[in-house]
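Novice: Take a look at the following structure, please.
Numbering (the numbering used here), first residue to last: 1190 to 1384.
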């Protein structure tokens, strides 16, 4: 099931970048993926929904569960969140290589609010996982702050990652870990007062 959903989403994104949303039909998409229209509509109500993707595909579920349980040796919450993002990128299927969401928005800017909405739903899942992991009350500002910080770092690293076609999940991991270390250094007490 997941594989078919990913194939539909991936091809819908490719076609959107190549031709725009109005440049292909659901029938063409189904033919390219090798599924029926009925199968398509079992997964997505509209072509736009296929481009946006399914929220279950936005994060590696096993990694999220391990993060929530605290099954890691991460020295800080930010490091643990980085490892969650790294595990998600590493779990991407080579057959369905990553597509830069900026390329989709460049071609179809009206999808931006929907993509932002999907990102906010994903962020809410991460916030809930942080609250569970850290035994925080719902709505604790620490969870939202941590999710915002890792979201900003992943966004910046992701932009670099997608800008170079030769990068790999290993490169993403290195770049994100370096960004976390830089963030930690930026938050460390100053060693000497500055004028």
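All residues carry an ideal CB built from backbone N, CA and C; glycine is no exception.
To the nearest angstrom, report how far apart residue 1347 and residue 1227 are at their CA atoms.
Specialist: If you number the chain shown from 1, residue 1347 lands on position 158. If you number the chain shown from 1, residue 1227 lands on position 38. So the two alpha carbons sit approximately 34 Å from each other.
Novice: Give a yes or no on whether the C-beta atoms belonging to residue 1240 and residue 1326 are separated by under 9 Å.
Specialist: For the purposes of this step, residue 1240 is identified with residue 51 of the chain shown, where counting begins at 1. For the purposes of this step, residue 1326 is identified with residue 137 of the chain shown, where counting begins at 1. No; because the gap between Cβ atoms is not below 9 Å, this pair is not in contact.
Novice: In angstroms with no decimal places, state the Cα-to-Cα distance between residue 1278 and residue 1270.
Specialist: Position 89 of the chain shown, counted from the start, is the residue given in the question as residue 1278. Position 81 of the chain shown, counted from the start, is the residue given in the question as residue 1270. C-alpha separation (whole angstroms): 13 Å.
Novice: Tell me the rounded alpha-carbon separation between residue 1280 and residue 1249.
Specialist: Within the chain shown, numbered from 1, the residue matching residue 1280 stands at position 91. Within the chain shown, numbered from 1, the residue matching residue 1249 stands at position 60. Distance between the alpha carbons of residue 1280 and residue 1249 is about 7 Å.
Novice: Between which two residues does the alpha helix (DSSP H) harbouring residue 1213 extend?
Specialist: On the chain shown, position 24 is the one that residue 1213 refers to. Looking at the DSSP string, residue 1213 is not in any alpha helix (DSSP H), and its letter there is neither H nor E.
Novice: Could you give the first and the last residue of the continuous alpha helix (DSSP H) run that contains residue 1269?
Specialist: Counted from its first residue, the chain shown places residue 1269 at position 80. 1266-1279 is the extent of the alpha helix (DSSP H) around residue 1269.
Novice: Under a three-way DSSP split, which group does residue 1224 fall into?
Specialist: Along the chain shown, one-based indexing puts residue 1224 at 35. Residue 1224 falls in the coil class under three-state DSSP.
Novice: Between the C-alpha atoms of residue 1209 and residue 1263, what's the straight-line distance to the nearest angstrom?
Specialist: By one-based count along the chain shown, residue 1209 stands at place 20. By one-based count along the chain shown, residue 1263 stands at place 74. C-alpha separation (whole angstroms): 42 Å.
Novice: Thinking C-beta only, is residue 1323 closer than 9 Å to residue 1317?
Specialist: By 1-based counting over the chain shown, the position of residue 1317 is 128. By 1-based counting over the chain shown, the position of residue 1323 is 134. It is not a contact, given that the beta carbons lie outside the stated cut-off.
Novice: For the region 1295-1331, list the alpha helix (DSSP H) runs that are entirely contained and at least 4 residues long, ordered along the chain.
Specialist: Runs of the alpha helix (DSSP H) inside the region 1295-1331: 1301-1323.
Novice: Quick check on DSSP: helix, strand or coil for residue 1243?
Specialist: Within the chain shown, numbered from 1, the residue matching residue 1243 stands at position 54. Looking at residue 1243 - three-state DSSP - the assignment turns out to be coil, as it is neither helix nor strand.
Novice: Which same chain residues, not among the five before or five after residue 1301, have their C-beta less than 6 Å away from its C-beta?
Specialist: Against the chain shown, residue 1301 aligns to sequence position 112. Within the same chain, residue 1301 has close Cβ partners 1294.
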